[in-house]
Amino acid sequence: MQHRNIQRSGGQRIYTVNVRSQVMPPYGCPDIFPGQPCPTCPPCPCTPGLLSTTIYQYTTFSDGQKNMYTDADATPQLSTSGIIGQQTVSIVNLFINGILQPPNSYLVQPGVLVLSEVPAQGAPIILQFIQITTS
């Protein structure tokens, strides 16, 4: 239970308000919020199980001249993978100089990244690949 003191403007009265708050998880998510069974169908056949994610990262730096990068351009110390095709991952994010780029400004194919514009020289180019699977 939380107590809050509220002062009324222009006066010296102090009121104490008792507030009860409880986090109510959504129904139908027994794997994420154990102990909250789905009210209509326990056990829920519609819930596939826990989701797991694997995140891969390709990093390079712009040379200020080209708009196409390959696996050979990767910075190995900062990369966990080459350029993965969009068909094998759930989400692809591109960051240039730390700014998330809109999907219509680049094309990703296995081993190749094509940008619509040439980034400034030295700008970091980071492709983030997120693969979501069910257990």
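Be aware that the sequence shown starts at 93, since it is given in this note's numbering, and climbs by one per residue.
Glycine included, every Cβ here is placed at the ideal spot set by N, Cα and C.
Note that the structure is a prediction, hence the values are computed from the model and not measured.
Close Cβ partners of residue i (< 7 Å) along its chain, the five nearest in sequence each way excluded
i, result
"A166", "Y150, T151, T152, G174"
"Q178", "V184, V200"
"I224", "L143, T145, S182"
"I222", "T145, I147, V181, S182, I183"
"L170", "T151"
"Q157", "V210"
Spatially closest choice to residue i from the options, by CA coordinates
i, options, result
"V184", "I147, Y161, L170", "I147"
"I217", "T225, Q179, M160, P202", "M160"
"P202", "P194, T226, T225, D163", "D163"
"Q213", "P194, D155, T145", "D155"
"A215", "P195, P194, F187", "F187"
8 Å contact criterion, which residue i and residue j should meet: CB distance rounded
i, j, result
"Y198", "L192", "About 11 Å; that fails the 8 Å criterion."
"P211", "N189", "7 Å"
Close beta carbons around residue i, own chain, < 6 Å, minus the five adjacent residues each side
i, result
"L207", "N159, Y198"
"Q220", "Q149, N185"
Cut-off 8 Å between Cβ atoms - residues of its own chain near residue i, not counting five sequence neighbours on either side
i, result
"E209", "N159, S197"
Check: residue i C-beta below 7 Å from any heavy atom of the ligand FMN
i, result
"I222", "With respect to the ligand FMN, the structure offers nothing, as it holds no ligand at all."
_Restricting to runs no shorter than 3 residues, where is the beta strand (DSSP E) found entirely within the stretch 160-227?_
List check, beta strand (DSSP E) in window: 160-162, 183-188, 198-201, 204-207, 216-226.
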